[in-house]
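Asks: Structure below; questions to follow.
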Amino acid sequence: MLLDTPSLYFRAFYGIPESMTAPDGMPVNAVRGLIDMVATLVRTHSPAELVATMDADWRPAFRVAAIPTYKAHRVAFGHTEEVPDTLVPQIPVIEQVLDAVGIARLQSEGYEADDVIGTLTHQARGAVDIVTGDRDLFQLVDDSRPVRVLYTARGVRNLQVVDEAFVTAKYGIPGRGYADFATLRGDPSDGLPGVAGVGEKTAASLITRFGSLEAILAALDAGQSDGFPAGCRTKLAAARDYLRVAPAVVKVADSAPLPSADLTLPAKPRDPEALVRLADRYGLDSPLNRLLDALTGGSLPKSI
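Just so you know, we're using this note's numbering here: the sequence shown kicks off at 3 and counts up by one.
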């Protein structure tokens, strides 16, 4: 099970009131929410391995170099992401909790959490469940392995299981064609313009007809007219420069450098003393006990 951790803690932050605070008044809504999400996922899905993936770089240079508008609307200043002030101090606490519990936490310099997920998925020898609220990761579904997305749009307790059949039913495209479909359609939430004049329906018809973006461009370059909706060839030709670089931006990496790590679900907390300190400092006894019960059948020590 691979957790898109930023997606989950943003969801927790916006879904739980900031009135949920530590003893000193610091909001811990994202921390508590994430801990309870992980406990629920472990209890309901019993993964053998669990990884909390993180953003080492939320706006990687290779993507910005290809498409300068990539996530540009989310920049607060410089290269800093616009994140709510009350969420910022909670992220280090989340990292400390994961480390003390013993849940593998992986990131890769110059890459996003999505790329860590893509790399781990590529390396995995068995079934993979990806937990995210980000549709970009639909591109990884693969029934043959199987790789599924557990989509959090309706909450962790009401996950949508996204497989190839779901993608086909939802978007009218081959089940593993989401990345090419998204490249054509664009994604304003990521600053990806797409092909001007090509909306979701046209993008779906092109991917369904040709099978891939590569095949579409080959037909375009060969002067083929069959299979292109009226006026579409002209729109695609005008967007040729965008279509040349966009796939490297849209497709998640599958070879991000990662440190070796034990991905096994922890049988006991890695650092019980640190966990007690975190529980006391931030008032996390209840959610941490729920997580430890789901992981190990145990609870926090009474004292250090």
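Here a beta-carbon is modelled for each residue, glycine too, at the ideal position from N, C-alpha and C.
This one's a predicted model, so the numbers in the text were calculated from it and none came from an experiment.
1. Give the straight-line distance between the Cα atoms of residue 183 and residue 142, rounded to the nearest whole angstrom.
2. With a CB to CB cut of under 8 angstroms and the five nearest residues on each side skipped, what residues in its chain are close to residue 56?
3. For the alpha helix (DSSP H) holding residue 282, just list the boundary residues, first then last.
4. According to DSSP, is residue 236 part of a helix, a strand, or is it coil?
5. If I follow the unbroken beta strand (DSSP E) through residue 162, where does it start and stop?
6. Where DSSP assigns a beta bridge to residue 79, which residues make up the other side?
7. Following the continuous beta strand (DSSP E) through residue 153, name the residue where it begins and the one where it ends.
8. With contact counted as at least three CB pairs below 8 angstroms, one residue from each stretch, are the stretch 53-69 and the stretch 231-242 in contact?
9. Please name the residue or residues paired with residue 107 in a DSSP beta bridge.
10. Take residue 121 and list the residues in its own chain whose beta-carbon comes closer than 7 angstroms to its own, dropping the five residues that flank it on each side.
11. Taking the CB atoms as reference points, tell me whether residue 40 and residue 284 lie closer together than 7 angstroms.
12. List the residues that DSSP assigns as beta-bridge partners of residue 194.
13. Looking at the ligand COA, does it come within less than 6 angstroms of residue 206, judged from the CB to the closest heavy atom?
14. Could you spell out where the beta strand (DSSP E) holding residue 132 opens and where it closes?
15. Take the Cβ of residue 271 as the centre, count every other Cβ of all protein chains shown within 10 Å, and call the residue buried at 16 or more, exposed below.
16. I want to know whether the stretch 19-34 touches the stretch 64-84 - three or more CB-CB distances under 8 angstroms.
17. Taking just the CA atoms, how far does residue 282 sit from residue 264?
18. Taking Cβ positions, are residue 288 and residue 294 nearer each other than 7 angstroms?
Replies: In short:
1. Residue 183 and residue 142 have their C-alpha atoms spaced approximately 13 angstroms apart.
2. Excluding five sequence positions before and after residue 56, the CB atoms of its chain that fall closer than 8 angstroms to its own CB belong to 7, 8, 97, 107, 108, 109, 115 and 118, given in chain order.
3. Its alpha helix (DSSP H) spans residues 274-284.
4. Looking at residue 236 - three-state DSSP - the assignment turns out to be helix.
5. Taken as a continuous stretch (DSSP letters only), the beta strand (DSSP E) holding residue 162 covers 162-164.
6. The partner list for residue 79 (beta bridge, DSSP) reads 82.
7. Looking at the DSSP string, the run of the beta strand (DSSP E) that includes residue 153 is 149-153.
8. No: the two stretches stay apart, fewer than three of their Cβ pairs being nearer than 8 angstroms.
9. Its beta-bridge partners are 54.
10. So the list reads 255, 256, 257, 258 and 260, once near-sequence residues are dropped.
11. No.
12. Residue 194 pairs with 189.
13. As presented, the structure is devoid of all ligands, the ligand COA included, so that no description of it is given.
14. It spans 130-134 - the beta strand (DSSP E) in which residue 132 sits, taken as one unbroken run.
15. Burial of residue 271 is indicated by the presence of at least 16 other C-beta atoms within 10 angstroms of its C-beta.
16. Fewer than three pairs of CB atoms, one per stretch, sit closer than 8 angstroms, so the stretch 19-34 makes no contact with the stretch 64-84.
17. CA-to-CA, the gap between residue 264 and residue 282 works out to about 28 angstroms.
18. In this structure, residue 294 does not lie closer than 7 angstroms to residue 288 by Cβ.
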